Each structure stands twice: as structure tokens, then as C-alpha cells.
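Under our numbering, the first residue of the sequence shown carries the number 74, and numbering increases by one thereafter. Note that CB positions come from ideal geometry on N, CA and C, so glycine has one too. Computed from a predicted structure; not experimentally measured. Here's the structure, in C-alpha cells; my notes come after.
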Amino acid sequence: MGAAKSTTITSTVPESYHRMFPLHGLGLSHVEEFIEAYGGRQAFEGWTSDDVCREIIKPLTKDLKCSYVDLLRAIQHPACREGKKADVFVSHAWKCNFLVLVDSLLQHFADRLDTIVVWFDVFTINQHTWLEWWDLESTCKGIKDIGNTVMVLTPWQDPVPLTRAWCLYELYCTHKEKCNFEVAMGSKEREDFLTAIHAGNAANVVNSMLAKVDVAKSEAGKEDKEKIHQKVMESVGFSQLNSMVLTLMRSWVIEVARKEYDRRKNTLGDRHIETLTSMSKLGELYQLQGRHKEAELLFKDCLEIQRAVLGERHPDTLTSMNNLAMLYDNQGRYVKAEPLYKDCLEMARAVLGER
């Protein structure tokens with residue numbers, strides 16, 4: 074059965090669907106079917122989610138004044154899994170490229186593509202009536218009831234969702250309600266992100282990516298922005314919400330770095346230079362979060378292996394020695410930091426010279 078077409082609809086949608094936060098979702102695999110039904114990828118090139126809603130979703134559902142998902146339910150389309158509750162709430166910016174958004178989700182859920190049901194606002198929300206009943210409390214309760222949030226983060230160097238008030242509020246709800254949180258990236262975006270972390274200062278890369286997180290400066294439609302900002306000021310305040318969002322995002326970065334380290338260790342071995350680089354970068358990220366015990370363990374293990382494999386005077390060994398010294402220094406453990414600094418400086422002079 075193909076994607077819904079307006080000319081085939083003779084069913085009606087129950088009134089109750091129009092004025093409540095919808096928890097049901099859409100089978101993610103159907104989104105590809107939807108794209109093909111409306112001209113294929115070429116027709117969607119350069120479109121945002123806002124374009125898709127305006128050009129396809131609203132005209133398609135105007136007669137029944139319902140959501141696209143409710144339209145599929147009305148014709149008993151299998152993509153709606155008989156009204157099954159969504160498995161995951163998708164948080165994204167409507168001004169981002171629609172195909173990039175879809176591809177990020179398809180790649181993120183590739184191992185569950187035939188079963189995953191997503192709450193995807195373009196398709197799930199009734200675009201004709203939502204202003205009559207939508208509010209912040211219903212959003213937070215809906216996120217809690219679904220229990221899993223995935224944010225599509227693109228482009229990772231300047232992530233638009235982290236500048237949008239709705240996306241930041243959704244992250245606040247995710248944190249507040251203790252929901253599971255994941256980030257979806259396209260394979261190229263993810264590869265570029267990991268390359269950046271491993272090629273330079275991991276902490277600087279992450280801080281640069283998250284630098285724009287500031288709820289007070291986040292953007293939305295005028296009315297939505299005022300409501301969200303007022304809600305934030307009445308509850309946790311801008312500073313605390315910024316902290317909550319940053320905590321979520323930094324925890325996600327740790328998880329990504331940990332998985333990459335485990336992958337390299339399992340495929341390359343624990344003494345391979347690329348594995349050691351991952352170990353060192355993961356330590357840097359732990360240190361950034363103030364998780365000093367985890368950082369110390371990684372730095373010490375990395376230094377020990379590098380000394381055995383690369384030698385005392387290898388640049389990577391000296392970097393790890395300096396990292397461990399700085400960790401001790403930042404904790405006020407100067408007795409441990411000083412000899413490492415001295416040894417590192419002495420060997421760096423011998424290898425690199427005074428200048």
C-alpha cells in the first residue's frame with residue numbers, strides 16, 4: 074500500500090484525534106515511501122521540514138483537517154501499526170534540510186528500520202488545529218510518556234537545533250523526565266565529528282560545538298518564544314536550563330567517544346596507535362566533565378602502553394604525560410603533577426629542542 078493520496082480518502086478521522094497530544098507515531102520506513110510517492114528525492118532537494126509541511130502535508134490533509142498519521146490511520150495503512158504509540162520522540166529544527174534529517178534517522182535506526190515507530194511532528198501533529206490546544210505542559214507530558222528522545226544534530230559544527238527554543242525545551246523535558254536521550258547524525262557527519270575529536274583538542278571541539286547553547290537567545294516564532302522563555306523563567310531559569318542541556322549533550326559526546334574507543338580496541342587491538350588516540354581523547358572528554366577518576370584511569374593506562382609501544386620520547390607519549398600532569402594540577406595534586414611536568418619538559422627539550 075503506497076503513501077496516502079488525497080484523492081483516495083473517503084474515511085473520517087475521530088474528533089478526539091484533533092485536540093490532544095498525539096502519542097501514536099509513524100513507521101520510519103514509510104518516510105522513504107512517502108518521499109517516492111511525492112516525486113522522489115529530486116523533488117525534495119533543498120526542502121526543509123517547513124517546506125514539506127506547507128507544500129504536501131497541509132494540502133493533503135486539509136479536507137479532513139487531520140495529521141498525516143491520522144490520515145493513514147483512517148485508511149488503515151500498515152505504516153501506523155494500528156495506532157501504536159511512538160517508540161521515540163524526534164527533536165529537530167524545521168529549518169534544517171528534510172532529506173538530511175530523514176537520512177540521519179534512517180542511518181541511526183538502521184538495525185530497527187522495519188519496527189521503529191517515530192513521533193515526527195511534520196507527520197504526527199495536526200497542522201490545522203494544533204494552535205488551538207498545544208501547550209508546553211502537553212509537550213513535556215508527551216515526551217515523558219514516549220520515554221525516548223532522539224535529536225537530529227545537523228550540521229554538527231554549527232548545530233541549528235541547539236539555537237531553537239522548541240528543541241532546547243524538548244531537551245529540558247527529556248532531562249527533567251529522565252527519558253533516554255540519543256543523537257542522530259548522518260554517517261558522513263558522524264565520521265567528520267569523530268575525526269575532529271581525534272585530530273585536535275577534543276575539549277575544544279566539543280566546547281565550540283556547544284558554544285551557542287543559550288536558551289535566553291534561542292529563536293522561535295514570537296508567541297512560542299515568549300511562552301517558552303516565560304515557562305523557563307518560572308521553573309528552572311535560563312542558567313539552570315543551559316546547564317541541563319549541556320549535561321545531556323556532553324554525556325552524549327562521552328557515549329560516542331566511548332563506543333569509538335571500544336570499536337577500535339575490538340578491531341585493532343588495545344596497543345594500536347589509533348586505539349591509544351581514542352583512549353586519550355576519551356580521557357580528555359571525561360576531564361572536561363569533571364569526571365576525574367575515569368580520566369585518570371584512561372590517562373595512566375594510555376601512558377603506560379605508549380611508553381611500552383612507542384617509547385618514552387614519542388610525541389604521543391609526551392602528550393599523555395602532560396595530560397596526566399594537568400589533571401593532577403587541576404585537582405591540586407601538585408606532588409604528583411610536578412615530576413610529570415619536569416620529565417615531560419626535559420624529554421621535550423631533548424627531542425624538540427629549546428625552541
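Buried versus exposed call for residue i [16 or more other C-beta atoms within 10 Å across all chains shown]
{"i": "residue 407", "result": "exposed"}
{"i": "residue 184", "result": "exposed"}
{"i": "residue 232", "result": "buried"}
{"i": "residue 326", "result": "buried"}
{"i": "residue 259", "result": "buried"}
{"i": "residue 381", "result": "exposed"}
{"i": "residue 194", "result": "buried"}
{"i": "residue 417", "result": "buried"}
{"i": "residue 306", "result": "exposed"}
{"i": "residue 393", "result": "buried"}
{"i": "residue 277", "result": "exposed"}
{"i": "residue 134", "result": "buried"}
Where the beta strand (DSSP E) through residue i begins and ends
{"i": "residue 222", "result": "221 to 225"}
{"i": "residue 164", "result": "161 to 164"}
{"i": "residue 257", "result": "253 to 257"}
{"i": "residue 191", "result": "190 to 192"}
Short Cβ contact (8 Å threshold) for residue i with residue j
{"i": "residue 334", "j": "residue 316", "result": "no"}
{"i": "residue 275", "j": "residue 354", "result": "yes"}
{"i": "residue 266", "j": "residue 229", "result": "yes"}
{"i": "residue 167", "j": "residue 122", "result": "yes"}
{"i": "residue 222", "j": "residue 252", "result": "yes"}
{"i": "residue 373", "j": "residue 397", "result": "yes"}
{"i": "residue 161", "j": "residue 207", "result": "no"}
{"i": "residue 295", "j": "residue 209", "result": "no"}
{"i": "residue 98", "j": "residue 158", "result": "yes"}
{"i": "residue 164", "j": "residue 243", "result": "yes"}
{"i": "residue 130", "j": "residue 117", "result": "no"}
{"i": "residue 257", "j": "residue 286", "result": "no"}
Close Cβ partners of residue i (< 7 Å) along its chain, the five nearest in sequence each way excluded
{"i": "residue 88", "result": "Note that residue 88 scores a pLDDT of 48, beneath 50, so its modelled location is shaky and nothing firm can be said."}
{"i": "residue 420", "result": "385, 386, 391"}
{"i": "residue 86", "result": "Unreliable positioning characterises residue 86 in this predicted model, as indicated by a pLDDT of 43, which lies under 50. A coordinate reading is not provided."}
{"i": "residue 254", "result": "222, 247, 321, 325"}
CA-to-CA distance, residue j to residue i, given in whole angstroms
{"i": "residue 189", "j": "residue 201", "result": "26 Å"}
{"i": "residue 197", "j": "residue 358", "result": "37 Å"}
{"i": "residue 127", "j": "residue 172", "result": "16 Å"}
{"i": "residue 144", "j": "residue 378", "result": "60 Å"}
{"i": "residue 187", "j": "residue 332", "result": "24 Å"}
{"i": "residue 179", "j": "residue 272", "result": "28 Å"}
{"i": "residue 245", "j": "residue 262", "result": "24 Å"}
{"i": "residue 362", "j": "residue 132", "result": "48 Å"}
{"i": "residue 120", "j": "residue 291", "result": "23 Å"}
{"i": "residue 311", "j": "residue 289", "result": "6 Å"}
{"i": "residue 279", "j": "residue 215", "result": "30 Å"}
{"i": "residue 237", "j": "residue 293", "result": "6 Å"}
{"i": "residue 322", "j": "residue 96", "result": "25 Å"}
{"i": "residue 368", "j": "residue 356", "result": "4 Å"}
Endpoints, the alpha helix (DSSP H) within which residue i is located
{"i": "residue 243", "result": "238 to 249"}
{"i": "residue 325", "result": "311 to 341"}
{"i": "residue 132", "result": "131 to 134"}
{"i": "residue 125", "result": "122 to 125"}
{"i": "residue 141", "result": "141 to 147"}
{"i": "residue 270", "result": "260 to 272"}
{"i": "residue 283", "result": "275 to 283"}
Residues near residue i in its chain [Cβ-Cβ closer than 6 Å; skip 5 each side]
{"i": "residue 337", "result": "347, 348, 351"}
{"i": "residue 169", "result": "227, 233"}
{"i": "residue 103", "result": "152"}
{"i": "residue 213", "result": "246"}
Contact set for residue i: own chain, Cβ-Cβ below 8 Å, skip 5 residues either direction
{"i": "residue 424", "result": "386, 388, 391"}
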